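See structure below.
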Amino acid sequence: MKPTQRRVSSDWSIAWRQAFASLRVRLLRQTLTTLGIGAGSAYLAAALVIRSVEVAKPTVDAVTLARVDWQAAAAAALCLLGVSNSMFIAVTERFREIGTFKCLGATDGFIVAVFFFEGLFMGLLGSVVGATLGAGGSAFVLSWGGSELMASWVLSAVALGSTAGTGLTLIAALTPAIVAARMPAVAALRTEI
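Numbers 3 to 195, taken from this note's numbering, label the letters of the sequence shown in order.
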């Protein structure tokens, strides 16, 4: 094995370990961010279940359907804004840490990988739990109210809510991480928050 190949694989494993160490150190903040991701995914999944019920009715009201579509779009936008804000603050607060990593020889790719793994973990956990609770809760309320539901509607809402939440989290995490990784080490170390 070439030395460069071994270094790349070890960089990924070090980035993975660093991401989880960072999650443990900032447990409260990361838990709150994950709850925000879960809330956005829950709202999106609930809106998708409600939309499925409305579409299945024999007399589909276009106004109601448009309202439900707007609710789903608003849920996705709120999820993106909340996660973007949280991840931007997390990256900004860690400029000095990023500068230290760069002084110790970390590459831009390593720094981006650390934030990618953090975002992936928080996105998956928050989105899957949130979408499951949102779709399950709305299905329970709708079935209690007499609406007929199909399991495929609930499962597709969970899948779409989880996928959207995780994808939005990764987008929100990578954008500020790339900007921070491109900063010169000296500028990152001088940053005061």
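Ideal Cβ placement from N, Cα and C applies to all residues, glycine included.
No experiment lies behind these values; they were computed from the predicted model shown.
Assigned exposure category for Lys104 - 16 Cβ within 10 Å defines buried: buried
With the cut-off set at 8 Å, would you say Gly38 and Val85 are in Cβ contact? yes
Could you pull out every residue in the same chain whose Cβ sits closer than 7 Å to the Cβ of Thr134, ignoring the five residues on either side in sequence? For Thr134, where only same-chain residues beyond five positions count, the Cβ hits under 7 Å are Val160.
Here's the rule I'm using: 16 or more other beta-carbon atoms within 10 Å means buried, otherwise exposed. How should Phe119 be labelled? buried
Whole-Å CB distance - Ala41 paired with Gly132, under 8 Å assumed: 6 Å
May I have the straight-line CA-CA distance separating Ala115 from Gly125, to the nearest angstrom? 15 Å
7 Å CB neighbourhood of Gly101 in its chain, flanking five on each side removed: Same-chain partners within the cutoff: Ala187, Ala190 and Leu191.
Could you pull the start and end residues of the alpha helix (DSSP H) that Lys59 belongs to? Run containing Lys59: none; DSSP gives neither H nor E here.
Beta-carbon separation (whole angstroms), Ala74 vs Ala49, contact threshold 8 Å: 4 Å
Give the single residue among Arg19, Arg28, Ala21 and Thr35 whose Cα lies nearest to the Cα of Gly167. The shortest Cα separation from Gly167 among Arg19, Arg28, Ala21 and Thr35 belongs to Thr35.
Beta-carbon separation (whole angstroms), Leu197 vs Val57, contact threshold 8 Å: Lying before the first or after the last residue shown, residue 197 is absent from the chain, which here runs from 3 to 195.
Can you have a look at Ala92 and say buried or exposed, based on whether 16 or more other CB atoms are within 10 angstroms of its CB? Ala92 counts as buried, since no fewer than 16 other beta carbons sit within 10 angstroms of its beta carbon.
If Phe97 and Ala179 are in contact, beta carbons under 8 Å, what's the gap, nearest whole angstrom? The Cβ separation is near 11 Å, so there is no contact.
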